[in-house]
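A.B. asks:
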Amino acid sequence: EWTVGDAQTWKTAIEAEQVDKDDVQGVANTVVRHVTTTLARQAGNLDELGAYQATALSVRDQLLKRWNETTSYHTKNAPKRVYYLSIEWLMGRTLDNAVLNLDMRNTYESATQKLGFNFEDLLNEERDAALGNGGLGRLAACYIDSMATLNLPGWGYGLRQLISSTGEQLEAPDPWLDRENPWEIPRLDVSYPIRFYGRVEAIPNSSRAIWSGGNECLAVAYDVPIPGFATKNTANLRLWAARPIQGFDLNSFNAGNYEASVASSSDAENITRVLYPNDNMYAGKELRLKQQYLWCSASLQDILRRYQKLNLPWDQLPDYVVIQMNDTHPTISIVELMRILIDEEEVPYDVAWGITTKVFAYTNHTVLPEALEKWPLPLFENLLPRHLQIIYTINMNFLNEVAKRFPGDMDRIRRMSIIEEGTPKFVRMAHLAIVGSFKVNGVAALHSQLLQSTIFRDLKGRDGFTNVTNGVTPRRWLLQCNPRLAQLITDTLGSEHWLVNLKQISQLLPMADNAEFRHAFREIKIENKARLADVLHSELGLSVDVDSIFTCQIKRLHEYKRQTLNLFGIIHRYLRIKKATPQERKKIAKHTAIFAGKAAPGYYIAKLVIRLIVNVAKIVNHDPDVGDLLRVVFIPDYSVSVAEVLIPAADVSVQISTAGTEASGTSNMKLGLNGALLLGTVDGANVEIAEDVGEDNAFLLGHLAADVEAVRYSNSYNPTSLEERSPELAAVFKAIEAGTFGDGHVYEPLLKTIYDHDYYLVSNDFGSYLAAENLVDELWADQEEWTKKSIRTAFAMGSFTSDRSVQDYADSIWSIEPDPVPEN
Ligand code: 6GP
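Start counting the sequence shown at 86; every next residue gets the next number (UniProt numbering).
1. Run through DSSP, which three-state label would His159 get?
2. Is DSSP giving Ile679 helix, strand or coil here?
3. Terminal residues of the continuous alpha helix (DSSP H) containing Met754?
4. When you compare each of Cys302, Leu731, Arg178, Ala678 to Ala348 by their alpha carbons, which one comes out closest?
5. Under the rule that 16 or more other beta-carbon atoms within 10 Å means buried, what is Pro492, buried or exposed?
6. In chain order, which beta strand (DSSP E) runs of at least 3 residues are fully inside the stretch 296-351?
7. Excluding the 5 residues flanking Leu255 on each side, which residues of the same chain have their C-beta closer than 8 Å to its C-beta?
8. Is there a Cβ from chain D that is less than 8 Å from the Cβ of Glu133?
9. Inspect the beta-carbon positions of Ser726 and Gly177 and report whether they are closer than 8 Å.
10. Hey, quick one: how far does the alpha helix (DSSP H) through Ile611 stretch, first residue to last?
11. Would you mind giving the Cβ-Cβ distance between Gly527 and Leu517, rounded to the nearest angstrom? I have them listed as a contact below 8 Å.
12. If you measure between the beta carbons of Ala681 and Tyr645, is that distance less than 8 Å?
13. Just grab the DSSP bridge partners of Lys524 for me.
14. For Gln246, count the other beta carbons within 10 Å of its own beta carbon; 16 or more makes it buried, fewer makes it exposed. Which is it?
15. Which full runs of the alpha helix (DSSP H) of 4+ residues lie inside the stretch 174-234, going along the chain?
16. Quick one, what's near the ligand 6GP if you take every residue whose CB is closer than 6 Å to any heavy atom, in chain order?
17. Hey, would you say Ala702 sits closer than 8 Å to His643, going by beta carbons?
18. Just how far apart, CA to CA, sit Pro278 and Ile330?
19. With H, G and I counted as helix, E and B as strand and the rest as coil, what does DSSP make of Thr825?
20. Where DSSP assigns a beta bridge to Val294, which residues make up the other side?
21. Are Trp399 and Ile440 closer than 8 Å when you measure CB to CB?
22. Is the stretch 293-302 touching the stretch 888-897, taking contact as three or more C-beta pairs under 8 Å?
23. List the residues that DSSP assigns as beta-bridge partners of Leu785.
24. In the DSSP assignment, find the beta strand (DSSP E) that holds Thr551 and state where it starts and stops.
25. Looking at the strands, I want to know which residues DSSP matches up with Ala501.
26. Taking the beta carbon of Met410 as the centre, do at least 16 other beta carbons fall within 10 Å, making it buried, or is it exposed?
27. Just the Cα atoms here: how many angstroms apart are Gly111 and Gln401?
28. Between Trp438 and Gly369, which are expected to be in contact by the criterion C-beta below 8 Å, what is the C-beta distance as a whole number of angstroms?
29. Please name the residue, chosen from Ile662, Thr677, Ile679, that lies closest to Lys671 on a Cα-to-Cα basis.
30. Where Ile741 and Val717 are concerned, what is the direct C-alpha to C-alpha distance, given to the nearest angstrom?
31. Give the straight-line distance between the Cα atoms of Val525 and Gly549, rounded to the nearest whole angstrom.
32. At a cut of 8 Å, does the stretch 215-233 reach the stretch 404-419 through at least three beta carbon pairs?
33. Taking the alpha carbon of Leu360 as the reference point, which residue from Asp107, Ser350, Lys375 has its own alpha carbon closest?
34. Look at the alpha carbon of Glu253 and the alpha carbon of Lys683, and state the distance between them as a whole number of angstroms.
35. Within 10 Å of its beta-carbon, does Pro667 have 16 or more other beta-carbons around it, so buried, or fewer, so exposed?
36. Starting from Ser276 and walking both ways along the alpha helix (DSSP H), at which residues does that stretch end?
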């Protein structure tokens, strides 16, 4: 197998590099080698950041060996692979996750201890990799963890954004790469040219064309190895960065024009610099389309280059490649594959289309109309002229078929067209994604059903749609964030196998009736709450009572997610406390209401909600009448790492979106897995969660999806006063307007959305929300009962692992098999 040099020398050298997973001294050796060589530092003046970096580099060495073995094994075997295209990858920190997956946590802990450092402190030196905004980006991170763990041959493709503008609450940019990032490997040798703008010349008597001119830049690969849990398999996340084609314009430089000599370089690099900060909201900026095209074109060139090494005809591509599109952001890759096949590989149009539509599958993550991508046609045509031509042909063929099936139904044709008529016209990316994919899926049962009955009603036959309910990785969201609960599960089950087969935790359901187990379970919850309380105290100077009910609503700020309902409930509670007699006060349950999440910079109403939460907290937390009955916490700079501290400490999981709006939700799964009781609407994955944990172990509330439209209509067209819809809410609004929480008029625009129209049914669901909260309080009074329900919740979450989701995709969409790298 050795093609260069002396085989024995290579083998001996590789063996010398092996470190046994229990070899503390061996691990310490590799850490110190990085201290003295890679970092060029001395043992004597090493700080925690340096120690973190050396430790991370040592772990990275382990990952890279496995990564190399996986890559060469798969190259040899050439299995069918899945490529997961996601514009967001919300990875969080890597070190702890990596050592856990490698089963080397104890070894690294001891080794760093012997070198004079506390491993936990080193973990805190790592910056979160925050290449994402919310659910969609974190889902991709959980899925690639599961792909590696399930030994499925697959890669992720994304963008190496340098700055996420949501990095800080105050919208200071988050230059998360300002420290060296040990987890990425620059592959300066893996790069592809990317064209923008330019002109198109048709080639007579063919469907081919030549696209030339315009601007060109390069996409350069950065690889992030992704270890599976308890397997050698290590997947790859390949991120693209834009670079100029020639780094530096020497002519301008020599002519003394220094600005011009660097301009082309920074122009190109700007393409991938920022992460767009919107969640469930489309922005429509040209730079974003550039990002999308650069990422899609580079990924496709990379995928096709790998395929071409097999020397097979193009029509076998779908036997080796399946591309899963995480929402519509990568939809242009459908057209890019067509362009490459037709224009560069000279494949006839119909053959190219037959191949393409067997390669792509599309996951939808939202039914909100404001999130659906549609590009103004002039902008699109200017940037990607050849792609627009191909889209026209795709659309023409598609609409011809529709016309055949529904003769004369012009209305339907207008609704279904990939091009939206008007001034300007728009390219509807979801329509293109559906037409170009062999499978379309939603992310929870209710959501997938709504896709077919509402927004995509006309677009695809029944067998083109399917459902894959979301899941979360139990490695990060239980083992890593809640090690004591993980240990309790392992000890009780007698094995760690549940971590790769989460269904097994259902065997622990009967433990709800075991008093000793309940005690142990509750102790862990209290300890996790104490850990959070410490953080709140040291970071925010706030003291909270660990005996209070910790309610947690942690997600992006969005009107449809209704942080308002929670907040107005808190104000209602505050007013009740203020009025209560000493006798009544004794009956009021203590609450600590925790919010965390970011608002998109331009989302005015969402920012007002944050402002009101923060101002309510200021008043409530310092009001002597309140005592310890109520605390309100807004945690700034929400991140994956913050979530890892919050989730194990939550008693109640607040999931109260207007029914029919939240596609799935995933914090509901993480919180449930850690024993928080669900306080939620009948929406998204709440439906399936409630089904599995049993409705008597959850608190459901609010109008059902089927009724929302009628209530909404009536809010708009047969308006009643707020007082009539909800007297309790009217009282809350009066308190806000009276300036109880500072300038009342500031909140007018927010309150107005509910006075008028109330599109998200806040007033209509408020009574039901308060009633559900009362049930929560009643249950809390009986701690044994509460713990029973908490145990029944946690151990009924076996279906909501991303392993199950990814296996579903592999079986029902991707048709791929595991291909484990042999263990020596
Ligand atoms: C989110 C959905 O809002 C959430 O319900 C779901 O759990 C998550 O995707 C993962 O499927 N959608 C987005 O974050 C988004 O930006 C365009 O959708």
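Just so it is clear, CB atoms sit at the ideal spot from N, CA and C, and this is done for glycine as well. These figures come from a predicted structure and were not determined experimentally.
C.D. replies: Working from what's here:
1. Here residue 159 refers to the residue found at position 74 when the sequence shown is read from its first residue. Helix.
2. Within the sequence shown, numbered from 1, the residue matching residue 679 stands at position 594. DSSP places Ile679 in the strand class (E or B) of the three-state scheme.
3. To locate residue 754, count along the sequence shown from 1; it is residue 669. Per DSSP, Met754 belongs to the alpha helix (DSSP H) from 752-758.
4. Position 263 of the sequence shown, counted from the start, is the residue given in the question as residue 348. The option with the nearest alpha carbon to Ala348 is Cys302.
5. Sequence index remark: in the sequence shown, residue 492 carries index 407 (1-based). Exposed, by the Cβ-count rule.
6. Listed in chain order, they are 300-312, 319-329.
7. Here residue 255 is taken as the residue at index 170 of the sequence shown, counted from 1. Legend: pLDDT at Leu255 = 47, less than 50; position of this residue unreliable, value from coordinates given subsequently. Hits under 8 Å: none found.
8. The structure shown contains no chain D; it holds only a single protein chain.
9. What you label residue 726 is simply residue 641 of the sequence shown in a count that begins at 1. What you label residue 177 is simply residue 92 of the sequence shown in a count that begins at 1. Closer than 8 Å, so yes.
10. Mapped onto the sequence shown, residue 611 falls at position 526. In the DSSP annotation of this structure, the continuous segment of the alpha helix (DSSP H) that includes Ile611 starts and ends at 600-625.
11. By one-based count along the sequence shown, residue 527 stands at place 442. By one-based count along the sequence shown, residue 517 stands at place 432. With 8 Å as the limit, Gly527 and Leu517 do not qualify as a contact, their Cβ atoms being about 18 Å apart.
12. Reading the sequence shown from its first residue, position 596 is the one you call residue 681. Reading the sequence shown from its first residue, position 560 is the one you call residue 645. No, the Cβ-Cβ distance between Ala681 and Tyr645 is not below 8 Å.
13. Along the sequence shown, read from residue 1 onward, the residue named residue 524 stands at position 439. Answer is Ala446.
14. In the sequence shown, counting from the first residue as 1, residue 246 sits at position 161. Buried, by the Cβ-count rule.
15. Counting only runs of 4 or more, we get 180-186, 190-199, 204-208, 220-234.
16. Gly219, Gly220, Leu221, Leu224, Asp364, Asn365, Asp412, His450, Thr451, Ala456, Val528, Asn555, Glu747, Ala748, Ser749, Gly750, Thr751, Gly769
17. Translated into positions along the sequence shown, residue 702 becomes position 617. Translated into positions along the sequence shown, residue 643 becomes position 558. In this structure, His643 does not lie closer than 8 Å to Ala702 by Cβ.
18. As a working mapping, residue 278 is identified with position 193 in the sequence shown. As a working mapping, residue 330 is identified with position 245 in the sequence shown. Computed Cα separation, rounded: 8 Å.
19. By 1-based counting over the sequence shown, the position of residue 825 is 740. Thr825 falls in the strand class under three-state DSSP.
20. Indexing the sequence shown from 1 puts residue 294 at position 209. The sequence given here has Ala at residue 294, not Val. Per DSSP, Ala287.
21. In the sequence shown, the residue the question calls residue 399 occupies position 314. In the sequence shown, the residue the question calls residue 440 occupies position 355. Yes, they are a contact pair.
22. no
23. Here the question's residue 785 lines up with position 700 in the sequence shown. Partner(s): Gly765.
24. Mapped onto the sequence shown, residue 551 falls at position 466. First-last of the beta strand (DSSP E) with Thr551: 550-552.
25. Here residue 501 refers to the residue found at position 416 of the sequence shown. This sequence places Met at residue 501; Ala is not what is there. None, per the DSSP bridge assignment.
26. As a working note, residue 410 is residue 325 in the sequence shown. Buried, because 16 or more other Cβ atoms sit within 10 Å of the Cβ of Met410.
27. Translated into positions along the sequence shown, residue 111 becomes position 26. Translated into positions along the sequence shown, residue 401 becomes position 316. Taking the straight line joining both Cα atoms gives about 47 Å.
28. Residue 438 sits at position 353 when you count from the first residue of the sequence shown. Residue 369 sits at position 284 when you count from the first residue of the sequence shown. In fact, because the Cβ distance is near 28 Å, the residues do not count as touching under 8 Å.
29. As a first step, residue 671 is located in the sequence shown; it is residue number 586 there, counting from the start. When C-alpha distances from Lys671 are compared across Ile662, Thr677, Ile679, the shortest belongs to Ile662.
30. Sequence index remark: in the sequence shown, residue 741 carries index 656 (1-based). Sequence index remark: in the sequence shown, residue 717 carries index 632 (1-based). About 18 Å.
31. Here residue 525 corresponds to residue number 440 of the sequence shown, with the count starting at 1. Here residue 549 corresponds to residue number 464 of the sequence shown, with the count starting at 1. Each residue's Cα considered, the two are about 6 Å apart.
32. yes
33. Translated into the one-based positions of the sequence shown, residue 360 becomes position 275. When each option's Cα is compared against that of Leu360, the closest is Lys375.
34. Residue mapping note: residue 253 aligns to position 168 of the sequence shown, counting from 1. Residue mapping note: residue 683 aligns to position 598 of the sequence shown, counting from 1. Its pLDDT being 40, under 50, Glu253 is placed unreliably in this model, and the coordinates cannot settle the point.
35. In the sequence shown, the residue the question calls residue 667 occupies position 582. By the 10 Å Cβ count, Pro667 comes out exposed.
36. If you number the sequence shown from 1, residue 276 lands on position 191. Counting along the chain, Ser276 falls outside any alpha helix (DSSP H), though it belongs to the beta strand (DSSP E) covering 270-281.
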